[in-house]
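Sequence lines, in order, name chains A and B. Counting in full-length UniProt numbering, the first sequence runs from 1 upward without gaps. Counting in full-length UniProt numbering, the second sequence runs from 1 upward without gaps. No residue lacks a Cβ here, since even glycine has one placed at the ideal position from N, Cα and C.
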Amino acid sequence: MYSFDFARPTSVADAVAALGQEDAQALSGGQTLIPTLKQRLASPSVLVSLSAIADLKGVSAEGGTLSIGAGTTHATVAAEAGAYPALAELAGQIGDPAVRNRGTIGGSIANNDPSACYPAAALGSGATIVTNSREIAADDYFQGMFTTALEEGEIITAVRFPIPEKAAYIKFQQPASRFALVGVYVSKGAGGVRVAVTGASNDGVFRWSEAEAALAGDFSAGAVEGLAAPSGADMISDLHGSGDYRAHLVKVLTKRAVAKANG
Amino acid sequence: MPKDHGIGASQKRREDVRFLTGAGNYTDDINVYNQAYVYFLRSDVAHAKIKAVDTQAAAAMPGVVRIFTGKDFEGIGGLPCGWQVTDKNGEVMKEPPHPVLAQGKVRHVGDPIAAVVADSLEEARNAAEAIELDLEELPPVVDMKAALQPGATKVHDDIADNLCYDWQFGSETGDVDAAFAGAAHVTTLELVNNRLVANPMEPRVAVGEYSRADDMSTLYTTSQNPHVIRLLMGAFVLGIPEHKLRVVAPDVGGGFGTKIFHYAEEAFCTFAARQLNRPVKWTSSRTEAFMSDAHGRDHVTKIELALDADNNFVGLRTDTYANMGAYLSTFASSVPTWLHGTLMAGNYRTPAVQVNVKAVFTNTVPVDAYRGAGRPEATYQLERIIDKAARELNVDPIKLRRQNFITSFPYATPVAVEYDTGDYVATMDKMEELMDIPGFAARRAESEAKGKLRGLGVNCFIEACGIAPSNLVGQLGARAGLYDAATVRVNATGSISVLVGAHSHGQGHETVFPQVVAEMLGIDESMIDIVHGDTSKIPFGMGTYGSRSLAVCGSAMVRATEKIINKAKKIAAHLLEASEADIELKDGQFSVAGTDKSVAWGDVTLAAYVPHNYPLEDIEPGLEETAFYDPANFTYPAGAYACEVEVDPETGAVTIEKFVSADDFGNVINPMIVEGQVHGGIAQGIGQALLENCAYDENGQLLSASYMDYAMPRADNLPHLANYIVDHSCQTPCTHNPLGVKGCGEAGAIGSPPTVVNAVIDALRSGGHNVEHIDMPVSPSRVWAAMQS
């Protein structure tokens, strides 16, 4: 790890100010950033920890919306997001206990790892990403692998999930990292049916629109059965599976997620 | 009542108290006053000519003590190989230099180029980044068959075809050809035994220290065999006489073979400490471990099995390519040859067996022994092809194996070894009983009702442990003896320190060895401690690998204890004014046969050290004896394994529903520890079968260089303990060592991979998929791909 200065502001405003410094980097749970620093793959001049900002923490449900402070850990979401069971279950299956006790929803959404779970939940629920300066619809927020709509120095403060009528997430683990080799999040609610896929695509999390269309009229596993799997050409192909395999899993897991959502 | 004392008692592991409460003393816990830290600048390319290493700017950076490069090691020995293999033409193997720091070329990702010694590790890393390297990249050779093609890039300039040796072993070619020519059926299979990284929980560490006062060098290192390291490093690399070199391997957190070998980093720390007159410490990161610990396995094999019209095995022929990596690691050459070819007969009466092995240099990390070392590779190919033959001949795989079992002992195989004893029918019977083979059809139906495919896989294995007679291994090319040694030091008050040449790094020696001595003397284990791992304390032992500790070092300990008993009886006879021949030792009491006269163990030991009333004219005072033990043969543990898997036909995911092992380890000293060893070994074999894959791309870059991509087995990859059954009740004691023990450390890792793969193939075929073979790891994506073809 290279040496760096460390700031631990207690308000969002102070954090935004601190991030204005050259080569400043926000630090939330650090589950990606700390290993990156240890491998000397990043050399920020100052790390701005968001962990002391009380406003960024907590889970609350009101009027059909679940709001989660960006600095809320996966473990807390797993324990306190009972109003949205599919999301609580997803959070409880991220990483291992150490990861869940440090990692945060804001950190995960800001990083947008193509194999992370939360991006699937946000896109698959039609969530709203709230920052210090604006609100961004999930559909506009995720812009490709490790790429988001966030501007330089912009901080996620909360994620707001409309609570759907039905939802479920199925993750098929990559055998080594246990990130999602493919993960599919389905929901059916006021905003219609959403099917969001993580782990599979070179473009990061995406919505499988053919499945959404099929499920809009018939929210059943059988409705997915008749679909062709998405093309494997744009899928990630690596040691753990070809693009075609990932594409195949998208369909299998979508069926299973719908069946699970239907209980 | 199960025994709670002595041989056969499942005593809890006394060493676990310190390991589990943080009181262990691992090499990284050792910090020496004024120590400096070394960071190795390693090659990030697989193959390149080193045109220049400019350390000038780096050397001026804060905290830097000195930067070493290959030039500092010119004229100093390279890392030696401990086994010389002679090829089929009588030529000795190619043995390229293996410098401590790269000279002229780098030959694999991770090859150390420079070593920066600084006051702190961070300063050393900072300076390493300031070293200016001028590397001229060369095309790498990664694939073994491509490496052997004419015109392939040379890993070593003077080895034209990248061939280390072309070895042939076993039956004469004419006899094997005749067996195949007369066969009613021939089965052929090509397979890969996947490259693995051992991944002990504790990464390697070395601390070099030098004392100017007495010209003494000390190396603290994560080793399975400190005396071997002292011999190799002292005599071959650094030229330090053994009385001026102490090697200490304190608590070591797992070895699995990869801590047998002598490594550049430990030679460097010892060398630099002398040069700098300052202690030097290196602690491997996990990333460094992936690119510098010797890897395991990596064989590509074509195997052929010939059967007569009655399904008797009549001939077996194998053709294997064995990856050596870029340099010869310490015992690399012996693994695909003598530790592999000699087991190719397996548990079967095949009269003609021939093994061919080409060992190949590539631009990859060196490959050497890994839990089982050669024997898993032999078992895997043999047990996979028997399964395939059974399918082709439409016979039951268990019946085909039984029909061909060796049933009379001793049995001399066509591949040089003589099995002293065994009972393969008994272990097969036991396995069938524990597995409930008749109930399989119903379990398969249950799985199918859930949409899953269920498969049953069985296999047998035999291995050779307790390596082994020194005169024999010497003839085969070993450059070392393979005895072991123990000193039993009885103290005046009767407590005992047993100083042993074997090293314990997870095996539980500190618990098991005292059980043997306690049984022999009739005293409590709490009076006995084991001392190991320090060449300044223990007699010259060859260390722990190949499931040899109890069979070889334990036998030495028995011999030394027998000497103690003999001498103690003389002392007791004197104290009791009786004839030595009439003295009996029972429950720690020496008594005169047929009388009520006795003296206690403590009376005798006190007399030995306070010899006021003592036969000084006949025997020396004191009670301390040493024995060296050189075994007469290998030991031959064997067993029958089975597992049932479920395959999800939609995703290709495999789960192991039940696993049964029925092993014959001969006599068992501590059943609980044996069961733990087998549980762990099977887990490691399941890791190889389903998960672990050390992969390189065509540029020689390591694709699986961290736990993000290298999949280690975890608890949820294994069946629940109720369905994870290890049995060792079939016991045919070894005929040639005093304890009748055979060794249990590697069995699980040898027997489990073919069991799992056989089960997966069985499951897929039950679902109508015409799949003959899937290379390990049998990952979901590979299973799915096989189902598509």
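Membership of Leu382/B in the alpha helix (DSSP H) is indicated by the continuous run 375 to 393. Nearest CB-CB separation between Asn356/B and chain A: not below the 8 Å threshold. Chain B places a beta carbon closer than 8 Å to that of Leu249/A, counting this residue as a contact. For Met708/B, the C-beta contacts it makes with chain A under 9 Å involve Gln174, Ala176, Ser177, Phe179, in order along the chain. When Cβ pairs closer than 8 Å are counted between the two stretches, the stretch 169 to 178 of chain B is seen to touch the stretch 341 to 361 of chain B, the count reaching three or more. Within the stretch 226 to 241 of chain A, Leu239, His240, Gly241 place their CB atoms closer than 7 Å to a CB of chain B, listed in sequence order. Going by C-alpha positions, Asp648/B is about 56 Å away from Ala235/B.
A straight-line Cα-Cα distance of about 13 Å links Gly199/A and His248/A. Residue-level contact by beta carbon fails for Tyr169/A and chain B, as no gap is shorter than 8 Å. The stretch 626 to 638 of chain B makes no contact with the stretch 232 to 240 of chain A; the number of CB pairs closer than 8 Å stays below 3. In terms of Cβ geometry, Ala485/B and Gly541/B form a close pair [threshold 8 Å].
Not flagged as an interface residue toward chain B: Val195/A, since no C-beta distance is shorter than 8 Å. Taking C-beta separations shorter than 6 Å and ignoring five residues to either side along the sequence, the partners of Val184/A in its chain run Ile170, Val197, Leu253, Thr254, Ala257, following chain order. Interface flag for Tyr245/A against chain B is set, since a Cβ pair is found closer than 8 Å.
Nearest CB-CB separation between Val48/A and chain B: not below the 8 Å threshold. For Val59/A, not one C-beta of chain B is nearer than 8 Å to its own C-beta. Shown here for Ala198/B: same chain residues with a beta carbon closer than 7 Å to its own, the five before and five after excluded, namely Phe256, Gly257, Thr258, Asp293, Gly296, Tyr370 in chain order. Residue range 397 to 404 is occupied by the alpha helix (DSSP H) that includes Asn404/B. Only residues of its own chain outside the window of five on either side were considered, and among them Ala352 have a CB closer than 7 Å to the CB of Asp175/B, listed in chain order. Two segments are said to touch when three or more pairs of C-beta atoms, one from each, lie closer than 8 Å; by this definition the stretch 463 to 479 of chain B touches the stretch 735 to 743 of chain B.
Shown here for Ser579/B: same chain residues with a beta carbon closer than 8 Å to its own, the five before and five after excluded, namely Ala573 in chain order. Here Val65/B is near Val117/B, since their CB atoms are less than 8 Å apart. The stretch 747 to 764 of chain B makes contact with the stretch 675 to 690 of chain B; the number of CB pairs closer than 8 Å reaches 3 or more. The residue from His679/B, Ala705/B, Gly6/B with its alpha-carbon nearest to that of Ala715/B is His679/B. Any Cβ of chain A closer than 8 Å to the Cβ of Ala711/B would place that residue at the interface, and such an atom is present. Within chain B, the residues whose beta carbon sits less than 7 Å from that of Val252/A are Glu650, Thr651, listed in sequence order. Short of 6 Å from the beta carbon of Ala306/B, and not among the five residues preceding or following it, lie these beta carbons of its own chain, in chain order: Ala179, Phe180, Ala183, Val186, Val314, Gly315. For secondary structure counted as the alpha helix (DSSP H) over 4 or more consecutive residues, the stretch 114 to 155 of chain A holds these complete runs in sequence order: 118 to 125, 138 to 141. The criterion of a C-beta distance shorter than 8 Å is satisfied by Thr301/B and Thr318/B. Here DSSP, grouped into helix, strand and coil, assigns Asp55/A to helix.
For Trp601/B, DSSP records no beta bridge to any residue. Cys269/B sits in a helix when the DSSP states are folded into three classes. Non-local C-beta neighbours of Leu227/A in its own chain, meaning closer than 7 Å and more than five positions away in sequence, comprise Glu210, Ala211, Ala214, Lys251, ordered along the chain. Take the alpha-carbon of Asp16/B and the one of His505/B: they are about 11 Å apart. DSSP lists Val367/B as the beta-bridge partner residues of His295/B.
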